[in-house]
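Protein chains in written order, with my numbering: chain A, 1 to 499; chain B, 1 to 235.
Given below as structure tokens:
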């Protein structure tokens, strides 16, 4: 059924500065701008997703995109969005599909946590003059110290990851995002001495040579996983869940399964790529242990194994189990984490905030004496360096960024990745659109971002009188709560400002 | 210590030690006195490994070209995410065998447990084959994306499979129909379509192939290449 109630979400305003050069026509993959048979420049606003590509590329600055000013009958409870979604389902039927992270207005705990700074006593440190350690090691920490007959320390390191900055790039598959986006992220990870995560769609053969900076993912679909790929990485991540869609699987539609995607996933081109909701060989912590150890056995115990889970209600008990499964690192993805496609209802309503999750997990693992057996990576909605510092002070060892990295590559968060058309060349497999993202420029943008955040993290830490990430980890005294209730402070283990 | 057919006494060895020994051994290896050690032959290539005694879970996990011959029964997770090679089981097999299998062949003389061949897929020339002599537990071939699963039903059970091929979107499943079964099935073929596979199976286990070749088989193909049409609504 045609959705006769559908209105254009946006209005495309063209001022008289327009010289009809036609750049907007060329740039819009959705076909919003077009020349009619009389060579008049026209607009089909129904197709506009407000990705801002035409606005940025209009040399005359003649374009503006605004929300449709039309107002439906006002109702605070039955918002326009609610009604429009009902119209869609009543006419087209099906699960509502969205992209990126939740855009809903929910409480953001990072915004209610203030950072500390030194005054008078315990003087602050000037990072321009003093050394500041932003290096982080992820993996099991050696517990027992033993010496040989000459009294020398016997070093038996477990496999670990070494990062110059406490920031990794989140898992995003080839399929969800384009080849040049992958290339940009990998090159930036090399330059910043951190890690690129290939996501569950396998590792492109071009990237095998950079194995020191690559994390590969083993998800329920087991796409692109073989010995050769496990040998071409620094760590292996078992993906159990993802913040944008906890509890459900993934599904790459056949039209996005192009030649390059099929090759990397090692499946037939044009077939549906379905990741089942669970790993069918993992129904318990013992089963998880079995897969962790299979990967370790296959890689001869040379690589740490990460287990990635979505932050859900019982997260501290879940991570306590994972910590006993032999995993070296646990990645917890909060409900604001992004996705190339996720059911709207699940994206917006399932999971818990990463701030509460990481605080309760850190606390639980400490109580059980397991905290040094695993490192924690927090992800899902990390927007800036202050969020990084707060996540670490709440108990994470490091964070990983996905959405922020894509924004650095030019993403304007139109949240329409599931269409497969991305005018910025990021969330698409269309060759003409992919060609718009230059990996050299993309890499530089990401390097600039990581560098800027690192400078800021050093400044913030210096202000606190702290000179290493290690002393910031789980250091709740560096946080003060504002506008949070007692229960929230109790879970975060943070004192109220002024307390 | 290179010998033509190396023997490894697994009695008091951990899985890690067994696999290290396999790595350092010649091409042909006999693992004796196995008592439940996991991951035997995991991710290995270029070896022929005979396993005597009881192999543990995830035997041949991520297998990359080796041949494993199990003289006893197999446990859970046989050939998990297997890429290439061959696994022969002279007995029955536990749950979740051939999960995510992408290439190679698995032959099981008797029956298998639940969740066999889930999400098997094919890529280029590699098409995995899972062949079961008797029956299979529930959920065989769920999410099947490619490759072939054959259930020979040698004991002529009326229902040798249950809940088979749910979510299948590729590949093919053949289930031999018992001679006493008079029900009508949608897509029925005879054994000649899978003659090569039946011959290989019977040769391995020294069985007579004539009866199997002249039997009727239910053939299950995916209903549609796009099972999710109409499932989503763009928001």
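Here a beta-carbon is modelled for each residue, glycine too, at the ideal position from N, C-alpha and C. Here the structure is a predicted model, which means the values were calculated and not measured.
Q. Residues in the region 281-313 of chain A with C-beta within 9 Å of chain B's C-beta atoms, listed in sequence order?
A. 281, 287, 290, 291, 293, 294, 295, 296, 297, 298, 299, 300, 301
Q.
Rounded to whole angstroms, what is the Cα-Cα separation between residue 95 of chain B and residue 55 of chain B?
A. 14 Å
(Q) Using 7 Å as the threshold, is the C-beta distance between residue 51 of chain B and residue 35 of chain B below it? (A) Result no, Cβ atoms of residue 51 of chain B and residue 35 of chain B do not sit closer than 7 Å.
Q. Could one say the Cβ of residue 140 of chain A lies closer than 7 Å to chain B's Cβ atoms, at least one of them?
A. Answer no: the Cβ-Cβ gap between residue 140 of chain A and chain B never drops below 7 Å.
**Q.** As assigned by DSSP and simplified to three states, the class of residue 265 of chain A
**A.** helix
**Q.** Segments of 4+ residues assigned as alpha helix (DSSP H) that fall wholly inside the region 315-343 of chain A
**A.** 315-323
Q | CA nearest to the CA of residue 146 of chain A, picked from A:139, A:138, A:140, A:155 | A | A:155
(Q) Could you check whether residue 43 of chain B and residue 68 of chain B sit closer than 7 Å to each other, using their CB atoms as the reference points? (A) no
(Q) Using the Cβ count rule (16 or more neighbours within 10 Å means buried), how would you classify residue 313 of chain A? (A) With fewer than 16 other Cβ atoms inside 10 Å of its own Cβ, residue 313 of chain A counts as exposed.
Q: Mind checking the region 63-97 of chain B against chain A and listing, in chain order, the residues whose C-beta falls within less than 7 Å of any C-beta there?
A: 64, 77, 80, 81, 83, 96
**Q.** residue 93 of chain A, buried or exposed, once every other Cβ within 10 Å from all chains shown has been counted against 16
**A.** exposed
Q: List the residues of chain A that residue 231 of chain B touches, going by C-beta distances under 8 Å, in chain order.
A: 94, 95
Q) What does residue 122 of chain B reach in chain A if we use C-beta pairs closer than 8 Å? A) 267, 268
Q. Under 9 Å Cβ-Cβ, which residues of chain A neighbour residue 227 of chain B?
A. 272, 274
Q. Listed in chain order, which residues of the region 192-225 of chain A have Cβ atoms closer than 7 Å to some Cβ of chain B?
A. Residues passing the 7 Å Cβ filter: 221, 222, 225.
**Q.** Cβ pair count under 8 Å reaching 3, the region 416-423 of chain A against the region 35-54 of chain A
**A.** The answer is yes - the region 35-54 of chain A touches the region 416-423 of chain A, with three or more Cβ pairs under 8 Å.
(Q) Assuming contact is defined by CB atoms lying nearer than 7 Å, are residue 385 of chain A and residue 488 of chain A in contact in what I supplied? (A) Against a cut-off of 7 Å, the Cβ pair of residue 488 of chain A and residue 385 of chain A comes out as no contact.
Q. What residues in the region 131-153 of chain B bring their beta carbon closer than 9 Å to a beta carbon of chain A?
A. For the region 131-153 of chain B, the residues whose beta carbon sits under 9 Å from a beta carbon of chain A are, in order, 139, 142, 143, 145, 146.
Q. Using the rule of at least 16 other Cβ atoms within 10 Å of the residue's Cβ for burial, across every protein chain shown, is residue 461 of chain A buried or exposed?
A. Per the 10 Å Cβ criterion, buried.
Q. Comparing the C-beta of residue 183 of chain B with each C-beta of chain A, is any distance below 7 Å?
A. no
Q | Cα-Cα separation, residue 4 of chain A to residue 46 of chain A | A | Distance between the alpha carbons of residue 4 of chain A and residue 46 of chain A: 12 Å.
Q | Given residue 306 of chain A as reference, the closest of A:238, A:277, A:448 once Cα atoms are compared | A | A:238
Q | residue 2 of chain B in three-state terms, based on DSSP | A | Residue confidence is low: residue 2 of chain B scores 48 on pLDDT, short of 50, so the model does not pin down where it sits. No coordinate-derived value is stated.
**Q.** The beta strand (DSSP E) enclosing residue 34 of chain A, as first and last residue numbers
**A.** Note, residue 34 of chain A: beta strand (DSSP E), 33-35.
Q) Can you tell me whether residue 186 of chain B is buried or exposed, with buried defined as 16 or more other CB within 10 angstroms of its CB? A) exposed
Q) For residue 492 of chain A, which residues from the same chain have a beta carbon less than 6 Å from its beta carbon, with the 5 sequence-adjacent residues on both sides left out? A) Around residue 492 of chain A: 359.
Q: Would you decide whether residue 1 of chain B is buried or exposed? Buried here means 16 or more other CB atoms lie within 10 Å of its CB.
A: In this prediction, residue 1 of chain B scores a pLDDT of 47, lower than 50, which makes its location untrustworthy; no coordinate-derived value is stated.
**Q.** Inter-residue spacing [alpha-carbon to alpha-carbon] between residue 434 of chain A and residue 428 of chain A
**A.** 7 Å
Q.
When you compare the CB of residue 125 of chain B with every CB in chain A, is at least one pair closer than 7 Å?
A. For residue 125 of chain B, not one C-beta of chain A is nearer than 7 Å to its own C-beta.
Q. Touching or not, the region 269-279 of chain A and the region 210-220 of chain A, by the rule of three or more beta carbon pairs under 8 Å?
A. Three or more beta-carbon pairs drawn from the region 269-279 of chain A and the region 210-220 of chain A are found closer than 8 Å, and the two stretches are therefore classed as touching.
Q) Quick one: is residue 121 of chain A buried, meaning 16 or more other Cβ sit within 10 Å of its Cβ, or exposed? A) exposed
Q | Validate contact between the region 175-190 of chain A and the region 207-214 of chain A using beta carbons, cut 8 Å, 3 pairs | A | The region 175-190 of chain A makes contact with the region 207-214 of chain A, as at least three CB pairs between them are under 8 Å.
Q. Residues in the region 62-88 of chain A with C-beta within 8 Å of chain B's C-beta atoms, listed in sequence order?
A. 85, 88
Q.
Quick check on residue 21 of chain B - is its C-beta less than 7 Å from some C-beta in chain A?
A. no
Q: Determine the burial state of residue 97 of chain B: buried for a count of at least 16 other Cβ atoms within 10 Å of its Cβ, exposed for fewer.
A: Its Cβ being crowded by 16 or more others within 10 Å, residue 97 of chain B is buried.
Q. Short check: CB of residue 85 of chain B to CB of residue 100 of chain B, under 7 Å?
A. No, the pair does not count as a contact, with Cβ atoms beyond the cut-off.
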